[in-house]
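S.K.: Numbering (full-length UniProt numbering), first residue to last: 1 to 409. Take this structure, written in structure tokens, and hold onto it; I'll ask about it next.
See the structure below:
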């Protein structure tokens, strides 16, 4: 297993040296605006890194719902040093896209220190379009899916619910399997002070909640949320000069993959919601990091709906096709199992402010590898050989998969 390099490259190593986030909140429940969210998360990350804002050379600001240059307005809360600030929008994978770009800048030698910041101020209820006088970016996906399963509203639960139905028809997966994921993630969130929800539910309560689109009930769907997350990334030289190796977490593999021909040619709802994108990205990351799924201790993955978590188990090669239900029945994805998946509570219970989600995942995994995650700590992750994996997807589409390990101490 490669310890501290990305195979096949001579590029700079990239480390996460500081992370921060806000508590995720129900939209409108707190009197704040996106600059307030960005300031809180950004200052937390800068303080965690133990650096000054002026040491940051570039910044990438991610958000989905906002005006042009909202990223500048948000980051100006931290300082105004004239650095390049790039606004990023990649649907639900926006936060990890900002992380990807910041890492790319360091890996390519453009800067020694970069900020990735994501935030979102959302409206209550199901996601809707902002502009109705032009082609919707998801229209091609929706039309393709409507040929497989009758169209329903709202679009997001329809798409991921249809993928779950396909899995049930193909492999015999049950509604109870998906509901157990909701039970697990709500249970995990009890120990996360940043989570929007911290309530535990029984299997009967999850199954009996309001049905959104079968097999999905309300307690298996991520809510709209307000909040922000941030990460400070640095080069090896920056880490050494600032004495940050004890807290640094290395990005040992990272891949962004967008829709491929198979997304549409497979005639599969699972492919249309990103199953193939995830599989390809994960394989690329495993090769870069010199790991397999068996080496991973803790995973934060994009459980926008419980059906997507199960599908993602298989795309990440935690098990073979059709075997996701067995992982759930065997408790393989919670404490005491083979992996702990979504110790934060995941999107289902932690919340899903679109631009912040990928950076909140990064923060959680950084805390896990440092051994500072408190009551939700996965102890095998907080060892020199610990490995963490992040998966963040946005339809339309892009997926970012990232592997982390502690820096050499």
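Every residue, glycine too, gets a C-beta built ideally from N, C-alpha and C.
1. Quick check: what's the CA-CA separation for residue 307 versus residue 65?
2. Would you kindly work out how many angstroms separate the C-alpha atoms of residue 235 and residue 14, rounded to a whole number?
3. Going by beta-carbon coordinates alone, are residue 253 and residue 402 separated by less than 8 Å?
4. CB of residue 93 to nearest heavy atom of the ligand FMN: below 7 Å?
5. Starting from residue 282, follow its DSSP beta bridges and name the residues at the other end.
6. Short check: CB of residue 190 to CB of residue 198, under 8 Å?
7. Taking residue 96 as the reference, give the member of 404, 405, 392, 397 with the closest Cα.
8. Quick check on the DSSP output: the beta strand (DSSP E) that includes residue 203 runs from which residue to which?
9. Quick one: Cα of residue 6 to Cα of residue 366, how far?
10. Can you tell me the Cβ-Cβ gap for residue 359 and residue 152, rounded? I've got them flagged as a contact below 8 Å.
11. Please list, in chain order, all residues of the same chain as residue 10 whose beta carbon is under 8 Å from its beta carbon, the five residues on each side excluded.
12. Within its chain, find whatever has a CB closer than 8 Å to the CB of residue 260; leave out the 5 residues flanking it on each side and keep chain order.
13. Evaluate contact between the stretch 337-355 and the stretch 167-186, counting only Cβ atoms and requiring at least three cross-stretch pairs below 8 Å.
14. Identify which residue in 232, 165, 206 has its Cα closest to the Cα of residue 42.
15. Kindly give me the distance between the Cβ atoms of residue 282 and residue 310, rounded to whole angstroms, as I take these residues to be in contact under 8 Å.
16. So, at 6 Å on beta carbons, what are the nonlocal neighbours of residue 86 in its own chain, with the 5 sequence-adjacent residues on each side left out?
M.R.: Walking through what the data contain:
1. 25 Å
2. 5 Å
3. yes
4. Absence of the ligand FMN is noted for the structure shown, with no ligands found whatsoever.
5. Beta-bridge partners assigned by DSSP to residue 282: none are found.
6. yes
7. 392
8. Not the beta strand (DSSP E): residue 203 falls in the alpha helix (DSSP H), residues 203-208.
9. Only weak support is given to the placement of residue 6: the predicted model assigns it a pLDDT of 33, under 50, and the value that follows is read from those uncertain coordinates. Between residue 6 and residue 366, the C-alpha separation is close to 19 Å.
10. Separation of the CB atoms of residue 359 and residue 152 is rounded to 32 Å, and the pair is thereby denied contact status at 8 Å.
11. Residue placement at residue 10 is poorly supported in this model, since its pLDDT is 40, which falls under 50; the coordinates still yield a value, given next. Taken in chain order, the list of residues that qualify is empty.
12. 276, 277, 280
13. Touching, yes.
14. Comparing Cα positions, the closest option is 232.
15. So it is not a contact: roughly 15 Å between Cβ atoms.
16. 60
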